Amino acid sequence: MSVFPSSGHGRQVRHRSLFTRVGRVFDAVRGWMMAIILLAAMPIALIGAVQAWHSYHSTLEAPGERTDLTVSRIDLELRHEADHLGSLLQAVSRMRLDDAGLRHMLELVQSLTGRHYSQIALADDRGNILTAVGRQGDAPALGADAMPRFQGDVRMVALTDPLTHVPGYFRITVSAAIYDDAGRPARPGYLTAVMPLSWRSAILQASDPRLDLVQQNGPIQIWVVDSLARAAAPLCSDCNWAARPTDRIMQWARVTLGTGADHAHITLPEGSFSIGRVQGGVHVLTMTRRNAGERHAVVMFAVSLVSSGLLLLAGLLGASKSADVLVITPLRQLTASVNQWQLGGMYDVRSNWAMPLEVRQLAHAFSKATRRLARHEKRLERAQARQELLLKEMHHRVKNNLQIVASLLNLQAGRIRQPAAREEFAQARDRVRALATLHRYLYADGELYSLNMQSFVRELCGQIMHAIGESDESRITLDIRVDDLLMVPDQAVPLALIVTEAVSNTIKYAFPDRQHGTLEVGLRALSGDRACLWIADNGVGMAAARNHAAAEEGRSGIGMQLIRGFARQLGGELQMFEENGTRYVLVFPLKQPEQDETSA
Numbered sequence: 001m002s003v004f005p006s007s008g009h010g011r012q013v014r015h016r017s018l019f020t021r022v023g024r025v026f027d028a029v030r031g032w033m034m035a036i037i038l039l040a041a042m043p044i045a046l047i048g049a050v051q052a053w054h055s056y057h058s059t060l061e062a063p064g065e066r067t068d069l070t071v072s073r074i075d076l077e078l079r080h081e082a083d084h085l086g087s088l089l090q091a092v093s094r095m096r097l098d099d100a101g102l103r104h105m106l107e108l109v110q111s112l113t114g115r116h117y118s119q120i121a122l123a124d125d126r127g128n129i130l131t132a133v134g135r136q137g138d139a140p141a142l143g144a145d146a147m148p149r150f151q152g153d154v155r156m157v158a159l160t161d162p163l164t165h166v167p168g169y170f171r172i173t174v175s176a177a178i179y180d181d182a183g184r185p186a187r188p189g190y191l192t193a194v195m196p197l198s199w200r201s202a203i204l205q206a207s208d209p210r211l212d213l214v215q216q217n218g219p220i221q222i223w224v225v226d227s228l229a230r231a232a233a234p235l236c237s238d239c240n241w242a243a244r245p246t247d248r249i250m251q252w253a254r255v256t257l258g259t260g261a262d263h264a265h266i267t268l269p270e271g272s273f274s275i276g277r278v279q280g281g282v283h284v285l286t287m288t289r290r291n292a293g294e295r296h297a298v299v300m301f302a303v304s305l306v307s308s309g310l311l312l313l314a315g316l317l318g319a320s321k322s323a324d325v326l327v328i329t330p331l332r333q334l335t336a337s338v339n340q341w342q343l344g345g346m347y348d349v350r351s352n353w354a355m356p357l358e359v360r361q362l363a364h365a366f367s368k369a370t371r372r373l374a375r376h377e378k379r380l381e382r383a384q385a386r387q388e389l390l391l392k393e394m395h396h397r398v399k400n401n402l403q404i405v406a407s408l409l410n411l412q413a414g415r416i417r418q419p420a421a422r423e424e425f426a427q428a429r430d431r432v433r434a435l436a437t438l439h440r441y442l443y444a445d446g447e448l449y450s451l452n453m454q455s456f457v458r459e460l461c462g463q464i465m466h467a468i469g470e471s472d473e474s475r476i477t478l479d480i481r482v483d484d485l486l487m488v489p490d491q492a493v494p495l496a497l498i499v500t501e502a503v504s505n506t507i508k509y510a511f512p513d514r515q516h517g518t519l520e521v522g523l524r525a526l527s528g529d530r531a532c533l534w535i536a537d538n539g540v541g542m543a544a545a546r547n548h549a550a551a552e553e554g555r556s557g558i559g560m561q562l563i564r565g566f567a568r569q570l571g572g573e574l575q576m577f578e579e580n581g582t583r584y585v586l587v588f589p590l591k592q593p594e595q596d597e598t599s600a
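Laid out in C-alpha cells, this is it:
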C-alpha cells in the first residue's frame, strides 16, 4: 500500500488551505472594509450596469431593427410601384380603344415610363398575348394565377429569372374590354405588364425615397432569395453589392424558411440580417452594418466597463491602504504592546491624531487597564509573599510542635517499665516524627503545595530504621525505589503514615531472631493519573509474624487497621501477598498539584 497521500486528498488539503486563506482575508479589518465598500457601491454599480447594458443592448439591436425596417420599406415600395402600374393599366382600359388603339397607347406608356417595364401587352380572355411592346420577346400566355378574378382586381404574381433562378419580375394584370371601330365593346381581355424587381440607382430620381436604400457600397445590402433560400440575387444591379450572402447566412435563411416563419433576424459580428416576405410572395434578405455612432457606442461601453472596474479596484486598494494605515497598523501596535506586556514587558503605545478616535480611545483604555492591573499584580505578589511566609511559618511551628510531642512521648516511654506500654509510646512517637518530617520538607524546601516523594520517603525510611535501632547495623538492607514524583500534602500525609506502619512492622516482625534480609520500598507513577506503592521483604512472612506477635500479647493488629484506613482515605486498593516474605501493594489515584500552585 502506498504511503503517499492520494491526489484527491491533496486537492482537499489545497481547497481547505485556500478556504482558510480566503476566510482569514475576510475576517480581517481590511476585508470587512472592502466588503462594506462593495455593499455600499453595489446599488449604484448595479443601476449603472443596468443602464449601460440597456444602452449597449439597444446599440447591438439597432442594426437588426434597421434591417427589419428595410424589409418593411421594400414591401412598401413594391406595393406603391405595383399600385401605380395597376392604376396606369386601369386608366388605359377605360379609354374604349380597339386593338390598334390599345397598342398605340401601350407604346406611349412604355415611352413615357422610360421603357422601364420589360413588357406591356394585351391578352384575350384566355390569356393569350395579342399584342405586346417592350424588351421581352414572345411572352408566354397568362396563367390562371395571373388572371384577375373580378372587374377592378389588380393581379400581381412573381416571375423567376431564368439566369439567377430567383424571382426577378412582377406581372401586373387588370381586366380590360376591347372595343370595335364604332366604340362598342367587342370582347373581354386583359392588360398586363412585366415590372422588373431589380432596382437601378442610376435611373432613380433625386427625390425617390429608394435612394437611401440603394447606394454604392452603402451600409445596407438587399438580396432577393427563392422560396427555399438556395439562390440569391442583389436587389440593386448597379450598387456594387455582393452577388450573394455568405454560406453561413444562406444556411440560416434556409432553416428560417423551413420553419415556416415569415420574418426573422439575426445579429452576427459581420452585421445584422433580416429575412421577410414582401409583395407577391417574394422573400428578401437584408443586411446592415453598424454605423460610426454605433461602433463608437460599443467602444465607449467597453471603455466605461473597464474604467469602472479600474476605478472600483482603485477604490478598494485605496480603502485597503487607508485601513492599513489608519486602523490595522495601530491595532497591530496595540496588540504587540499588549502581548509584550503579558510577557512581562512594558506596555507602550503612543497614540497620535492620525489614528481614528475609537483606536485612540481603545489605546487609552488599555493604558489605564494595564496600569491598574500592574498595581493589582504588585498587591497580589505582596499578598502571595506574605501568604507563603505565613505557610512556611505555620509548617515550621507545626514541625517544631510535632518534634516536641515526639520528644515528650520518647521521654515518657523511658519512664515506663512495662515493655508493651513502652512499645505503644514508641509507635506513637514514630508516627508523630513522620508527620514532623513531612512538615519539615514543606518548610525547608519551599514546597508549600507539593512534596518531592523521592527524597522524603528515603529520609522517612532511614529515620524509622534509626528509631528502631537498625540504621547502624547491616542486618537489614533498605532498597528505596521511588520515582521523582510530586504529591500534594493531602495525599502525602496518609502515604507517610502507611509507610511508617508498614516499615515498622516489617523491621520488627519480618526478621525475628536477628535474621538478615532486604526491605524494598517503592513508589511509581502509573498511566491514567494513578500511582503504586509497594513495600516488600524476604522475611518469615505474615503467618510467622502473627505467631510471634501473638506471643507478645497480640498488639500488632492496630498497625494493619491503620494501614487499611489510610488506604481507604487515599481511595486506593490495598493487596497483600505472602510468597518468600510479605508484599504490600497499594494502587491509588494520584491527585495532581494545581498549575498555579506548582508555578507559584
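For the sequence shown, full-length UniProt numbering begins at 1 and goes up steadily by one.
All residues carry an ideal CB built from backbone N, CA and C; glycine is no exception.
Being a predicted model, the structure only gives us computed values, none of them experimental.
Residue i versus the options, residue with shortest Cα-Cα distance
i       : options                               : result
Gln-333 : Leu-343, Val-359 and Gly-315          : Val-359
Ala-242 : His-516, Ala-100, Ala-467 and Gln-216 : Gln-216
Gly-281 : Ala-202, Leu-310 and Met-156          : Met-156
Val-398 : Pro-419, Arg-433 and Ala-365          : Arg-433
Leu-485 : Ile-468, Asn-452, Asp-513 and Met-465 : Asn-452
Leu-213 : Gln-575, Thr-70 and Gly-64            : Thr-70
Gln-51  : Leu-39, Phe-301, Ala-62 and Arg-290   : Phe-301
Arg-514 : Ile-476, Thr-192, Ala-567 and Leu-523 : Ile-476
Val-585 : Glu-81, Leu-574 and Ala-496           : Leu-574
Pro-219 : Ala-383, Ser-175 and Gly-293          : Gly-293
Gly-127 : Asp-181, Val-224, Ala-144 and Arg-422 : Ala-144
Thr-582 : Thr-518, Ile-266 and Leu-526          : Thr-518
Val-277 : Ala-158, Pro-512 and Asn-339          : In the sequence as presented, Val is not what sits at residue 277; that position holds Arg. Residue Ala-158 is the option with its Cα nearest to Arg-277.
Simplified DSSP assignment, three categories, for residue i
i           : result
Gln-427     : helix
Asn-291     : coil
Met-465     : helix
Phe-170     : strand
Leu-142     : coil
residue 631 : Within the shown structure, residues of the chain are numbered from 1 to 600, placing residue 631 beyond reach of any answer.
Ile-476     : strand
Trp-252     : helix
Phe-456     : helix
Gln-110     : helix
Ala-600     : Here Ala-600 scores only 45 on pLDDT, less than 50, and its place in the model should not be relied on; the value that follows carries that caveat. Coil, per DSSP.
Leu-343     : coil
Ala-270     : In the sequence on display, residue 270 carries Glu and not Ala. Here Glu-270 sits in coil by DSSP.
Arg-386     : helix
Val-398     : helix
Met-95      : coil
Leu-312     : helix
Trp-53      : helix
Beta carbon of residue i nearer than 8 Å to that of residue j
i           : j       : result
Gln-491     : Lys-591 : yes
Glu-501     : Ile-404 : no
Arg-187     : Asp-125 : yes
residue 628 : Arg-530 : In the structure displayed, the chain extends from 1 to 600; residue 628 sits before or after that span and is not available.
Ile-507     : Val-521 : no
Met-487     : Ser-450 : yes
Arg-79      : Gln-279 : yes
Arg-103     : Leu-122 : yes
Ala-229     : Arg-244 : no
Thr-173     : Pro-140 : no
Leu-570     : Pro-494 : yes
Val-503     : Ile-558 : no
Environment of residue i [buried if 16+ CB atoms lie within 10 Å]
i           : result
Asp-247     : exposed
Trp-32      : exposed
Asp-537     : buried
residue 614 : Nothing can be reported for residue 614: it is not among the residues displayed for the chain, which extend from 1 to 600.
His-376     : exposed
Ser-407     : exposed
Arg-372     : exposed
Gly-86      : buried
Arg-42      : Contrary to the premise, residue 42 reads as Met rather than Arg in this sequence. Its Cβ having fewer than 16 others within 10 Å, Met-42 is exposed.
Pro-330     : buried
Met-105     : buried
Met-95      : exposed
Gln-251     : exposed
residue 601 : The structure shown does not extend to residue 601, since the chain is modelled only from 1 to 600, so the question has no answer here.
Arg-415     : exposed
Pro-63      : buried
Ile-275     : buried
Leu-389     : exposed
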